[in-house]
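Using this note's numbering, you'd call the opening residue of the sequence shown number 39 and step up by one each time. In this text, a Cβ means the ideal position worked out from N, Cα and C, and glycines have one as well. These figures come from a predicted structure and were not determined experimentally. Working notes, structure below.
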Amino acid sequence: MVERIDTDMCVIGGGSGGLSVAAGASQMGAATVLIEVDKMGGDCLNYGCVPSKALLAAGKLAHLARGNPAFGVATGAVRVDFRAVHGHVHGVIDAIAPNDSVERFEGLGVRVIRAKARFTGSQEVSAGDAIVRARRIVIATGSSPAVPPIPGLAEVAYLSNETVFELAELPRHLIIIGGGPIGLELAQAHRDLGAEVTVLELFTVLAKDDPELAEFVRRQIVDDGVALREGVKIARVERAGDGVAVIVQKPEGEEERIEGSHLLVAAGRRPNLDGLDLAQAGVAYSPKGIAVDQRLRTSNKKIFAIGDVAGSYQFTHIAGYHAGIVIRNALFRLPAKADYRAVPWVTYTAPELAQVGLAEAEAKKQHGAIKVLRWPFHENDRAQAERATAGMIKVVTAANGRILGAGIVGAHAGELIQVWCLAISQGLKIGAMAGMIAPYPTLGEVSKRVAGSYFTPSLFSERTKKLVRFLARFG
Ligand SMILES: Cc1cc2nc3c(=O)[nH]c(=O)nc-3n(C[C@H](O)[C@H](O)[C@H](O)COP(=O)(O)OP(=O)(O)OC[C@H]3O[C@@H](n4cnc5c(N)ncnc54)[C@H](O)[C@@H]3O)c2cc1C
Numbered sequence: 039m040v041e042r043i044d045t046d047m048c049v050i051g052g053g054s055g056g057l058s059v060a061a062g063a064s065q066m067g068a069a070t071v072l073i074e075v076d077k078m079g080g081d082c083l084n085y086g087c088v089p090s091k092a093l094l095a096a097g098k099l100a101h102l103a104r105g106n107p108a109f110g111v112a113t114g115a116v117r118v119d120f121r122a123v124h125g126h127v128h129g130v131i132d133a134i135a136p137n138d139s140v141e142r143f144e145g146l147g148v149r150v151i152r153a154k155a156r157f158t159g160s161q162e163v164s165a166g167d168a169i170v171r172a173r174r175i176v177i178a179t180g181s182s183p184a185v186p187p188i189p190g191l192a193e194v195a196y197l198s199n200e201t202v203f204e205l206a207e208l209p210r211h212l213i214i215i216g217g218g219p220i221g222l223e224l225a226q227a228h229r230d231l232g233a234e235v236t237v238l239e240l241f242t243v244l245a246k247d248d249p250e251l252a253e254f255v256r257r258q259i260v261d262d263g264v265a266l267r268e269g270v271k272i273a274r275v276e277r278a279g280d281g282v283a284v285i286v287q288k289p290e291g292e293e294e295r296i297e298g299s300h301l302l303v304a305a306g307r308r309p310n311l312d313g314l315d316l317a318q319a320g321v322a323y324s325p326k327g328i329a330v331d332q333r334l335r336t337s338n339k340k341i342f343a344i345g346d347v348a349g350s351y352q353f354t355h356i357a358g359y360h361a362g363i364v365i366r367n368a369l370f371r372l373p374a375k376a377d378y379r380a381v382p383w384v385t386y387t388a389p390e391l392a393q394v395g396l397a398e399a400e401a402k403k404q405h406g407a408i409k410v411l412r413w414p415f416h417e418n419d420r421a422q423a424e425r426a427t428a429g430m431i432k433v434v435t436a437a438n439g440r441i442l443g444a445g446i447v448g449a450h451a452g453e454l455i456q457v458w459c460l461a462i463s464q465g466l467k468i469g470a471m472a473g474m475i476a477p478y479p480t481l482g483e484v485s486k487r488v489a490g491s492y493f494t495p496s497l498f499s500e501r502t503k504k505l506v507r508f509l510a511r512f513g
């Protein structure tokens, strides 16, 4: 028996973006239906941010526990119980899951349907036994791991972010295809926990980040003992006993065989569009995702697309940001637009790598005359005390001092970047950061110091010296 539901708002996808829209819309009085085919919480909670950060945390602890003779603290042999690590990762997911649960959303007044959604008209969606007609529809179906066209891949058992966190035994030798943030985070976590790890990257690792900053991460990953190979062309993949072999095509024409116990594919993402039947609703899309305007409206103005499926920045905080834009547009009919000038992102390796706004190359392209400021962590007393001196902050300003972008590599970079997120979103000039009183000794002082360096040439110039001498004599 088909149930017909008439509603104000229908949200497809119960992940980072969809849940934020549904919670907001319902609490603001809109009748809201949420359709989710798999786990509530989507990729971030179940297969992405949360398990990867929990695994990294276990890896970091193992790394720390192995000790550092420079501190004068000796430790014994470290034993990793990977089954318990698996328990820890899933314990963290379980602790957060109630926030995203059906019960919580039903408690907020949302009608939750557990089924796959498919468009059946310009304002109509079918899901399980229900047909939902909605005044506004939000597509928040996220993305899935992209599978590169490597011969033999379909014939071997390979892991993706959807399965790797299910492993209850430490891989003996994990081969990872892809050296982006996901590949490198998982490489370092598994290496720290005791696995042999090889990363195979077609181009260069962390290609979306400032190469000068990414180099710190690359060096550390190599020092950790990960076999990192860039510019690698994979000819094919095949089974090798219980494991897998990756055959690499060398430039000279010969082949090299790399055998591992497990293969993880982390080679990009593709938008989840399959089975949505977008043509029924007149929603235009491409392999990169659903086309949206600045207000996140699709080619059907009553339908919005947000988060990973909308193909811009694929982060949880962007899905959440999109949700706010959609609520203003869909519920209040305000022409709110997405503004990407202050988008931050972080790779949670050790050292962490964080960026907000424009990096040097892009800033030069867009603004021509720019100033680039750098401050190394080894000039920071707290970094010295904690022997966390591998890192630097790099800031780019316009000729008039307006802050265009900031990148930080080093301990706690993801926390340190936040003040720059605020500065850029508020259009601040570098003087505001230089004038801030930063507590001593904190890593955060790097922000003040790098900003201060903008003024160093004029502050210590011959002109200033002359002025000071003049004032001293006649003032
Ligand atoms: C390993 C990994 C680590 C990551 N780490 C970070 C991080 O540290 N920080 C960060 O900001 N981002 C991180 N991300 C990215 C982040 O997970 C995504 O950007 C975020 O989840 C996108 O949210 P979303 O709402 O667009 O999609 P999702 O959260 O994936 O939600 C989409 C939901 O839609 C459902 N769905 C799909 N099709 C249908 C349909 N037809 N009908 C009904 N339901 C459907 C899916 O089942 C899913 O639950 C990571 C990703 C991965 C893979």
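Quick one: what does DSSP say residue i is sitting in, helix, strand or coil?
{"i": "residue 474", "result": "coil"}
{"i": "residue 337", "result": "coil"}
{"i": "residue 149", "result": "strand"}
{"i": "residue 230", "result": "helix"}
{"i": "residue 201", "result": "coil"}
{"i": "residue 499", "result": "coil"}
{"i": "residue 121", "result": "helix"}
{"i": "residue 19", "result": "Residue 19 cannot be examined here, being either before or after the span of the chain that is shown, 39 to 513."}
{"i": "residue 485", "result": "helix"}
{"i": "residue 469", "result": "helix"}
{"i": "residue 342", "result": "strand"}
{"i": "residue 46", "result": "strand"}
{"i": "residue 425", "result": "coil"}
{"i": "residue 251", "result": "helix"}
{"i": "residue 293", "result": "strand"}
{"i": "residue 504", "result": "helix"}
{"i": "residue 106", "result": "strand"}
{"i": "residue 181", "result": "strand"}
{"i": "residue 168", "result": "strand"}
{"i": "residue 379", "result": "coil"}
{"i": "residue 188", "result": "coil"}
Sorted by chain position, which residues of the same chain lie with C-beta nearer than 6 Å to residue i's C-beta, five sequence neighbours on each side aside?
{"i": "residue 215", "result": "238, 303 and 305"}
{"i": "residue 429", "result": "389, 415, 447 and 448"}
{"i": "residue 90", "result": "223"}
{"i": "residue 424", "result": "none"}
{"i": "residue 149", "result": "71"}
{"i": "residue 385", "result": "219 and 391"}
{"i": "residue 484", "result": "413, 418 and 431"}
{"i": "residue 437", "result": "407"}
{"i": "residue 189", "result": "274"}
{"i": "residue 478", "result": "none"}
{"i": "residue 200", "result": "85"}
{"i": "residue 235", "result": "212, 225, 228, 229 and 264"}
{"i": "residue 411", "result": "433, 488, 491 and 492"}
Would you kindly report the start and end of the unbroken beta strand (DSSP E) that includes residue i?
{"i": "residue 300", "result": "300-303"}
{"i": "residue 354", "result": "Counting along the chain, residue 354 falls outside any beta strand (DSSP E), though it belongs to the alpha helix (DSSP H) covering 354-370."}
{"i": "residue 157", "result": "155-159"}
{"i": "residue 281", "result": "281-287"}
{"i": "residue 517", "result": "Only positions 39 to 513 of the chain appear in this structure, which leaves residue 517 out of reach."}
{"i": "residue 311", "result": "Unbroken run through residue 311: none, as it is neither H nor E."}
{"i": "residue 395", "result": "390-395"}
{"i": "residue 164", "result": "162-165"}
{"i": "residue 433", "result": "430-436"}
{"i": "residue 60", "result": "Counting along the chain, residue 60 falls outside any beta strand (DSSP E), though it belongs to the alpha helix (DSSP H) covering 54-65."}
To the nearest whole angstrom, what separates the beta carbons of residue i and residue j, a pair I think is in contact under 8 Å?
{"i": "residue 94", "j": "residue 223", "result": "6 Å"}
{"i": "residue 441", "j": "residue 467", "result": "7 Å"}
{"i": "residue 248", "j": "residue 352", "result": "In fact, because the Cβ distance is near 19 Å, the residues do not count as touching under 8 Å."}
{"i": "residue 275", "j": "residue 191", "result": "5 Å"}
{"i": "residue 80", "j": "residue 62", "result": "Contact doesn't hold; Cβ gap of about 16 Å is too wide."}
{"i": "residue 292", "j": "residue 283", "result": "Not really, about 15 Å apart at Cβ, beyond 8 Å."}
{"i": "residue 198", "j": "residue 310", "result": "About 14 Å separates the two Cβ atoms, so there is no contact after all."}
{"i": "residue 113", "j": "residue 255", "result": "The Cβ separation is near 25 Å, so there is no contact."}
{"i": "residue 395", "j": "residue 379", "result": "6 Å"}
Taking residue i as part of the alpha helix (DSSP H), name the residues at either end of that continuous run.
{"i": "residue 442", "result": "First-last for residue 442: 441-448, but that is the beta strand (DSSP E), not the alpha helix (DSSP H)."}
{"i": "residue 453", "result": "451-454"}
{"i": "residue 400", "result": "398-405"}
{"i": "residue 322", "result": "Where residue 322 is concerned, there is no enclosing alpha helix (DSSP H), given that its DSSP letter is neither H nor E."}
Can you list, in chain order, the residues of its chain whose CB lies under 7 Å from that of residue i, leaving out five sequence neighbours each side?
{"i": "residue 364", "result": "59, 176, 334, 342 and 344"}
{"i": "residue 68", "result": "46, 47 and 369"}
{"i": "residue 64", "result": "70, 146, 147 and 148"}
{"i": "residue 461", "result": "441, 470 and 471"}
Check whether the Cβ of residue i lies closer than 7 Å to any Cβ atom in chain C.
{"i": "residue 222", "result": "You won't find chain C in this structure, because it holds only one protein chain."}
Among the residues of its own chain, which have a CB less than 8 Å from the CB of residue i, if the five just before and after it don't count?
{"i": "residue 169", "result": "40, 41, 42, 43, 158, 162 and 163"}
{"i": "residue 207", "result": "120 and 121"}
{"i": "residue 75", "result": "152, 153, 154 and 155"}
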